Structures are given as C-alpha cells and as structure tokens.
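The structure appears right after this line, and notes come after that.
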Amino acid sequence: MRQFRLFLLACGLALLTLFALSHMPRAVAASAPAAFTTPRTTYPIVDTAPITRALTFLASAQSADGGFAGFTPGQSDDFTTIKVALALNAARLPAGYLTSSGGHTAIDYLTTRAYSYTHDLGGLAFPGRVGMLALAVVAGDANPVAFGAYPVGHAMAGQPINLITVLDNTYHPATGAYSSTATLGFSSGVASSISQSYALLGLAAAQQSPPAAAIIFLREIREADGGWGYGFGSDVDATALAIQALIASGVAPTDAAIQDGLAFIRGQQLADGTWGYNGAPSPDSTAIVIQAAAAAGFAPVTASWATADGDPQRGLLALQSEDGSFSGNALGTADAIPGLAEMPLPQLGRSQRAERALAALRDTQGADGAWSPYGSPDVGGTLDAILAFSAAGYDSGTVTASGGGTSALGFLSTAVFTYTRDDSAKIFPAQTGKAILSIVAAGADPAAFGVNPGGGTLNLVADLEGAFDPATGTYTTTAMRGFSSGAASPVSQSFAILGLAAAGRPIPANAVTSLRGFQDADGTWGTSIDTTGLALQALRAAGVSAADPAIVKAIAYLRAQQDALGGWDNPNSTAFAIQGLLAAGEDLANWRKAGRSPYEALALYQKPDGPFTYTWESGGYFTPGAADNFATRQSIPGLLGVAFPLKPQPGDLVSYTPAARGPNPDRLVALAPRGRWGNSITVSLPFGGDLNQNASATLEWRPVGATSWTTATLTRGDGAFSATLNVSDPRDYELRAALSDPDGVQSGATVEATATLTSTVPPLRTYLPMVRR
1 MRQFRLFLLA
11 CGLALLTLFA
21 LSHMPRAVAA
31 SAPAAFTTPR
41 TTYPIVDTAP
51 ITRALTFLAS
61 AQSADGGFAG
71 FTPGQSDDFT
81 TIKVALALNA
91 ARLPAGYLTS
101 SGGHTAIDYL
111 TTRAYSYTHD
121 LGGLAFPGRV
131 GMLALAVVAG
141 DANPVAFGAY
151 PVGHAMAGQP
161 INLITVLDNT
171 YHPATGAYSS
181 TATLGFSSGV
191 ASSISQSYAL
201 LGLAAAQQSP
211 PAAAIIFLRE
221 IREADGGWGY
231 GFGSDVDATA
241 LAIQALIASG
251 VAPTDAAIQD
261 GLAFIRGQQL
271 ADGTWGYNGA
281 PSPDSTAIVI
291 QAAAAAGFAP
301 VTASWATADG
311 DPQRGLLALQ
321 SEDGSFSGNA
331 LGTADAIPGL
341 AEMPLPQLGR
351 SQRAERALAA
361 LRDTQGADGA
371 WSPYGSPDVG
381 GTLDAILAFS
391 AAGYDSGTVT
401 ASGGGTSALG
411 FLSTAVFTYT
421 RDDSAKIFPA
431 QTGKAILSIV
441 AAGADPAAFG
451 VNPGGGTLNL
461 VADLEGAFDP
471 ATGTYTTTAM
481 RGFSSGAASP
491 VSQSFAILGL
501 AAAGRPIPAN
511 AVTSLRGFQD
521 ADGTWGTSID
531 TTGLALQALR
541 AAGVSAADPA
551 IVKAIAYLRA
561 QQDALGGWDN
571 PNSTAFAIQG
581 LLAAGEDLAN
591 WRKAGRSPYE
601 ALALYQKPDG
611 PFTYTWESGG
621 YFTPGAADNF
631 ATRQSIPGLL
641 GVAFPLKPQP
651 GDLVSYTPAA
661 RGPNPDRLVA
671 LAPRGRWGNS
681 ITVSLPFGGD
691 LNQNASATLE
701 WRPVGATSWT
711 TATLTRGDGA
721 FSATLNVSDP
731 RDYELRAALS
741 DPDGVQSGAT
751 VEATATLTST
761 VPPLRTYLPM
771 VRR
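This note's numbering numbers the first residue of the sequence shown as 1 and each following residue consecutively.
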C-alpha cells in the first residue's frame, strides 16, 4: 500500500505507516520449510519459494523481544507484529518458527503488549485493536480469553485479559456498532468499517457468534458504489476486509453485500491483475483482495480474476524484491504472505480447527446416532467419533444429528453387544477394548453399559478380562465374523490394555510383555505407524517407563519415518504418531521438520470448512481433496494433543454446540467462458473452489448466426478448464459452457446443481499503420 493509504489506515486505528525501517538481525535464521512432492498452486498453498523467501526476510527483521519494527526504526511495533503472527499461520507454521535471539516469539511480545495496545491511557478499549489482537492470538495457538495480563494499578492487576469480554463490552445493541470513546494519538474507538470488521473477525476467530445487529451495521455502512471505506468513498482494502468479516460472520458469499463488494473490487483492478493506489500496484492491497476472493470461494485466485495482462498471484509475485521482502519492510512482507498462501481471515489455531472438524463430523451423523459412511451403521467409526468429541471435552450423549434423533452414546448402547461379539457370543478383544476406551471417555460405566439381550446391562470389563490367556499373556478368543477375528494381535492387545487401563483395572505384567513381544525388529508394531502410535499409548497406560527400550526403539522408528512436511504420510498415521509420542512424553516442538511440527503437518490435511482429506496428491486410491470421515474422526484427538486413555471426571464433559463451518469449498464458483485470439481461439472457463474435484464441464461453440453447436475438448487445470478452437475466420463466435457439481455451482448470487454460462468472442481485428505518400 502506498504511504498515503497507510496514513489513512493509521488515522482510523493507529496502524502505523512505515516511512523508514531498520531490521534487528537475529542470531539464527529460520530454515526453509520442506515442499510437497509436487509444488502446489492450489489449497493448501505452502512452502512455495516466494513464501520461503518472505519468511527469510522476516527472520532477519525480528527484534530480540520477539516483535518486529514498525514506524520507529529498531523499535518493535504491535500492529506489525500482529501481522507477522498472522503471516506465520497463513504459511502453516507455528509461532515459534520465528524465534528471536532473545528466545522470544511474536506471541511472546504481544503478551507483554496486550493491555497497552488495546486500551488508551484512561483504560478505554479500542474495539478494532482488540479484534485484531484476538485474530493474532488465535492464529498463534494462544488463548483469546486469557491472554496477557492487566497492568499494575488496574482493579484486575495480574489477571489474564479476556479479549472477547473486552470486545463484548464495547458493543452497542442500539446501533450494532463496536465502538468506544477511547483515543490515543491518531487512534480512536469511534465506529467505522475497519473497527467493525476487525471486531467481527476477532469474534469469528474465537468462534463466538456475533449479534445480528453487528452484522447489519457493517452491511449498512457501505458506500453507494458497493464498497466500504473510511468515510470519504470506497477503498479496496477496507472492502476486502469487510468481505472477509461478513463471510466469517456467517453471511453467504452469494449475499448482495458480498457480491456488490466483489464487483467494486473488480472495477478497481489494474491491468496487471493487482490493486493499488493512483495506478501504482500495492502488495498490501493485492494480498488482502486475494484473501477476500479466497474467502468468497475464488481459490485459486488466478484465472477467475485474470486480466488481459496478468492475474493477482502473478502480479503479487512481481512485487517481491530480491531480498524476499515486499515494500522493503516487515509490514508489507507480513501482509503479502497470506495473499501468497490464499489464506483468508480469520486464521484458526488447533482448538478452533478441531471445533470445525467436530462440526463437520456432526453434520455426517445419522438420525440413529451413528456414522454410516458406507450405508450401514459403522460402530467402530462411531467409537472414533465419541473419542473425538470426548477429547474436546464434549458429552457424546448430547451429540445428535442436525435434525435431531438418537445421540452417539445412545446408539452405542444398542449396538455394543453385537459389535463386541460374534454370533456365538464370543467376544472380540480389540472391539471390546475399544468400546470400553470410548465408553469411559464418554463418562459412562463400561461395567454396566448397553443392552444385554439376556436382560440387564453388559459388563464389558468382565468380558474382556475373561478373554485373557495367562499362558501367553494375550487377550484372545476364537471369535470370527467376516474379516474380524478374536486372535491375538498388536491391535487387539493394545486396545485391550487401553480399555482396561481406562476402566481402572490392573494390567497383568505378562500382558505388557506380550505387547512388547509383538514389536518388530525395526521398532514398529504391525509394520504400521498407526499401530505403533496405538501401542505406545497402551504401554504408557500400563505404566511402562518412557525410557523402556521398546518405547525408545519405537520413537527412533517414528523419527526416521517422519516426512518432509513434519508428519507421517497421511492424517490418520500422523494423528496416531502424535498421540503415541505425547504418551511417551515427547515435546513435539522438538519434532519440527524445517520449522513445522507434527501438529501443523496434521492441519495441512484439513479442508477450510472442517473435514480432513486423506490426501491432496493425485495418483493414489483416494480422491485428492475429498472429505474423508475416517480421517476426520481419527485426526481430532491428535490435533488437540490428547493421548488415550481419557478419564473425565464428573462435570468435565459439557453439552455440544457445533461451531460455524463457513462456506462449502467444494462448490464450484463459476464464471463465463473467455476466449482470446491467437492463431486460433484459446478458451478459458475459470472457476474457484471444487476442492474435491467432482465438478464437470462441457463447452460448445458456434459462429454467431449458426444453428448448430460444436463440442470442444476441455482440459481441467488449476482454476480453469481450457480448450483450443481451431478456427481462423475472423468473426464473432458464441461460447456456451454447461457446468455441474453435486456440491452446487455458484454463479454470482445463485447456487444450483447446474449452470449454463455464455459469452461471445469478438472477431480478431488487425490495424495497420497509415502510410502517407
């Protein structure tokens, strides 16, 4: 953003302009993150060379206190440091990725500035600043309801600050505005589009529902041209911020306010695909527009926002300097990274990601209380779901389908008998152990649970202990049903031990010995990362020391198998590895691969609206980007950093209310086909979204006036279908595209199962110079 625009922004919120910056060198530069097997230009965009170069520049600009310089050279600036915290999250990196020579992170610095940044000298709060800080706190995996501390002399001195409560206290129900009479320098708490947007975004980051009047207020302070501004005309940056705030608050991308705002932004786009001021491109403006476009479903923000001479991503990349910076300073560079990564606000931390995943899981629950991904109730999958909700502190007895019905725990009580035994009533130790583990995690009693066809309830604990073979130390039976067997295995032994440990029962010493005996020479159990993580949790639950050779050997194996992204090949394996390592007492900050810990690696598999995909990569059995119920339910405990067994005390589990998930990223956001002349006509059919890649398109063309259509061959690429029309006659041609997507096709303000979009390609005209004789 040019200096004048920065000054305007500063006047509204004291977002200080940068005239000259100096950068405090740090002792150790951040290492470059690893890359995907194939460089990605669509969600999730991580570890690209431009992002890595920008991060390297930021590493050189960090002060010893963990902050980043702003208006005053050599002095850390709160606003700039907030933007760096957001940039790190956008790059899918932890706050600790950039740690100063003094051992401090951006979040550490902001902790010391939480009160002074958000309040004036009289103790009045700036709602915009509070919301902005809440965004950074959540992005940095800190707690927005307990951050920093009130200063000496305050009535609550020393107590943590609840930023959400502070923000709520600035809300005025009569107007819907978040405002105050706070003043400090150029800063003011007066109601404005910027302050309201940041207040709503802060609430959304903390997954708090805003008052309806607050959303209405932001909608109604639009300018006549459809955008938002600072009180004297619409501004691209303010409009892009408001769009993100409204969408984050639950306003649909098809809403008229969003569509009008996007139209205003399109009208301000420069020829090279960027946005700026007085015709000069600005990385800040371009980046925040990319974020808004991504929030509205236009990901990747390339062909769908292309101009004659470029597109937003190419335009933004062209503004990067050789040293990796944008605008030559930390603020411009931090602003650019979320644009490069196409990461809209708010950016979530692990607990908020888990909430979205739980909401996605609940949305696939049946009225019978079960999860049935393959048509019939999946009891084992339902147990995974119960463990996921329990890991987040929720009572599974309150988890029901969106339309109501039986709870997850209610379903289990009717299904557990058949699940845990075969037709001859012989129990399956693995299923019984897993059931006990889940029942205890749900706060119920596995010794008196479920429906016994013979009358009364089941004592699953006694059933499992009855399957113990003292001679071998294994939990084993001759039960058989389909592919399920009661035979001893690493999985059945692990689940049996975990279940009994959860129930508070003693674990026989030779049962532990037998589990050790299942370990392979390379340190794994069952030659599987997943089973190894499970076995580690079982050994630790049985009281085995973290220094035990079997555990040490397993940890060494996991270390050797960790992939370049910091995880283990897929979300399920990564989650189990995380749980096993945590059970073994490992600090995952020591498991970073090029800066990314297993937590960030696991989060890479999550889609924007909550579910996890098994893979983003093509070429395997699984559809890249498709929501995977199995991956989602097993990833949540790992994402939350929770190892089994879970033993909640009375009152620990609370009633479940789902968090907002945001727009569906699997819908196809379509635009009309575009044709460009060369030796033939190159047609682009731009789109956004469709992360699960199940949309289809056909393209037909004909000369204007013709009665029949010709079908072209379309090729799908990132953000566009394309075709070449082998025509040379310079005349008008009609294009007609038919699009279909089970998740819906959005065209402007409508979403339907199908859409037909048309356009006309004008004739190619060549103008020759006039020659005078």
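No residue lacks a Cβ here, since even glycine has one placed at the ideal position from N, Cα and C.
Predicted model only: the values in this text are computed from it and were never measured.
- Task: Locate the alpha helix (DSSP H) running through residue 57, then write down its first and last residues.
- Result: Element bounds for residue 57: 49 to 60.
- Rounded separation between residue 620 and residue 689 - CA only: When the Cα atoms are used, residue 620 and residue 689 turn out to be separated by approximately 21 angstroms.
- Message: With distance defined between alpha-carbon atoms, name the residue in 287, 659, 459 and 304 nearest to residue 685.
- Response: When each option's Cα is compared against that of residue 685, the closest is 304.
- State yes or no: is the C-beta of residue 746 within less than 8 angstroms of the C-beta of residue 668? Contact: yes.
- Query: Any contact of the region 639 to 657 with the region 234 to 242, i.e. 3+ C-beta pairs under 8 angstroms?
  - Reply: With the cut-off at 8 angstroms, the region 639 to 657 and the region 234 to 242 do not touch.
- By Cβ distance below 6 angstroms, which residues in the same chain neighbour residue 516 in space, the five residues on each side in sequence not counted? The beta carbon of residue 516 lies closer than 6 angstroms to those of 550 in the same chain, with the five residues before and after it left out.
- Consult DSSP for residue 763 and reduce its assignment to one of helix, strand or coil. Correct three-state label for residue 763: coil.
- Query: Pick from 691, 149, 355 and 135: whose alpha carbon is nearest that of residue 388?
  - Reply: Closest in alpha carbon position to residue 388, among 691, 149, 355 and 135, is 355.
- Message: Quick test of the definition: if touching needs 3 or more C-beta pairs under 8 angstroms, does the region 445 to 462 touch the region 472 to 491?
- Response: Too few Cβ pairs lie closer than 8 angstroms, so no.
- Within 10 angstroms of the Cβ of residue 175, are there 16 or more other Cβ atoms? Answer buried if so, exposed if not. For residue 175, the number of other beta carbons within 10 angstroms of its own is below 16, and it is reported as exposed.
- Answer yes or no: do residue 132 and residue 198 have a C-beta to C-beta separation smaller than 8 angstroms? In this structure, residue 132 sits near residue 198, with a CB-CB distance shorter than 8 angstroms.
- Query: Under the three-state reduction of DSSP, which class applies to residue 281: helix, strand or coil?
  - Reply: Shown here, residue 281 sits in a strand according to DSSP, grouped into three states.
- Note down, one range per segment and in chain order, each alpha helix (DSSP H) of at least 4 residues found wholly within the region 567 to 642. Runs found: 571 to 583, 598 to 603 and 629 to 640.
- Query: Can you name, in chain order, every residue of its own chain whose Cβ lies under 8 angstroms from the Cβ of residue 751, other than the five neighbours on each side?
  - Reply: Answer for residue 751: 254, 667, 744 and 745, listed in chain order.
- Query: Secondary structure at residue 97, three-state DSSP: helix, strand or coil?
  - Reply: Under the three-state reduction of DSSP output, residue 97 falls in the helix class.
- Task: Thinking residue 326 and residue 369 are a contact (beta carbons under 8 angstroms), I'd like their distance in whole angstroms, please.
- Result: 51 angstroms between Cβ atoms; not a contact.
- Item | Helix, strand or coil at residue 40 [DSSP, three-state] | Looking at residue 40 - three-state DSSP - the assignment turns out to be coil, as it is neither helix nor strand.
- Message: Assuming residue 106 and residue 98 are in contact, meaning their beta carbons sit under 8 angstroms apart, how far apart are those beta carbons, in whole angstroms?
- Response: Rounded to whole angstroms, the Cβ separation of residue 106 and residue 98 is 7 angstroms, and the two are in contact under 8 angstroms.
- In the structure shown, what three-state DSSP assignment does residue 308 receive? Coil at residue 308, not helix or strand.
- Task: For residue 317, collect the residues of the same chain with a Cβ closer than 7 angstroms to its Cβ; drop the 5 residues on either side in sequence, then sort them by chain order.
- Result: Once the five neighbours on either side are set aside, the close Cβ partners of residue 317 are 50.
- Task: Would you kindly work out how many angstroms separate the C-alpha atoms of residue 330 and residue 440, rounded to a whole number?
- Result: If you take the alpha carbons of residue 330 and residue 440, they lie about 50 angstroms apart.
- What separation, rounded to the nearest whole angstrom, lies between the Cα atoms of residue 224 and residue 643? Those two C-alpha atoms are separated by around 54 angstroms.
- From the DSSP output, in three-state form, read off residue 21 for me. Because the pLDDT of residue 21 is 28, which lies under 50, any placement of that residue in the model is unreliable, and the question is left without a value.
- Message: Closest to residue 386 by C-alpha separation, out of 749, 437 and 68, would be which residue?
- Response: The option with the nearest alpha carbon to residue 386 is 437.
- Query: Which residue or residues does DSSP assign as beta-bridge partners of residue 355?
  - Reply: Looking at the DSSP assignment, residue 355 forms no beta bridge with any residue, so it has no partner.
- Item | Euclidean distance between Cα positions of residue 547 and residue 505 | Cα to Cα, residue 547 sits roughly 23 angstroms from residue 505.
- Message: On the criterion of 16 or more Cβ atoms from any shown chain inside 10 Å, does residue 180 qualify as buried, or is it exposed?
- Response: Flag for residue 180 reads buried.
- Message: Measuring straight from C-alpha to C-alpha, what distance separates residue 193 and residue 243?
- Response: Rounded to the nearest angstrom, the two C-alpha atoms are 11 angstroms apart.
- Kindly list the residues whose CB is nearer than 7 angstroms to the CB of residue 569, restricted to its own chain and excluding five residues on each side of it in sequence; keep chain order. Correct list, in chain order: 563.
- Looking at C-alpha atoms only, which residue of 763, 672, 740 and 692 is the closest neighbour of residue 748? In terms of Cα proximity to residue 748, the closest of 763, 672, 740 and 692 is 672.
- Message: If contact is defined by three or more beta carbon pairs under 8 angstroms, each pair taking one atom from either stretch, is the region 288 to 296 in contact with the region 328 to 343?
- Response: With a cut-off of 8 angstroms, the region 288 to 296 and the region 328 to 343 count as touching, because enough Cβ pairs lie within range.
- Query: Hey, out of 165, 78 and 128, whose CA is closest to residue 143's CA?
  - Reply: For residue 143, the nearest C-alpha among the options comes from 165.
- Query: In three-state DSSP terms, what is residue 741?
  - Reply: Residue 741 falls in the strand class under three-state DSSP.
- From what residue to what residue does the beta strand (DSSP E) around residue 147 run? Careful: residue 147 lies outside any beta strand (DSSP E) and carries neither H nor E.
- Message: Quick check on DSSP: helix, strand or coil for residue 519?
- Response: Correct three-state label for residue 519: strand.
- Task: Output the distance between the C-alpha atoms of residue 361 and residue 641, rounded to the nearest integer angstrom.
- Result: If you take the alpha carbons of residue 361 and residue 641, they lie about 18 angstroms apart.
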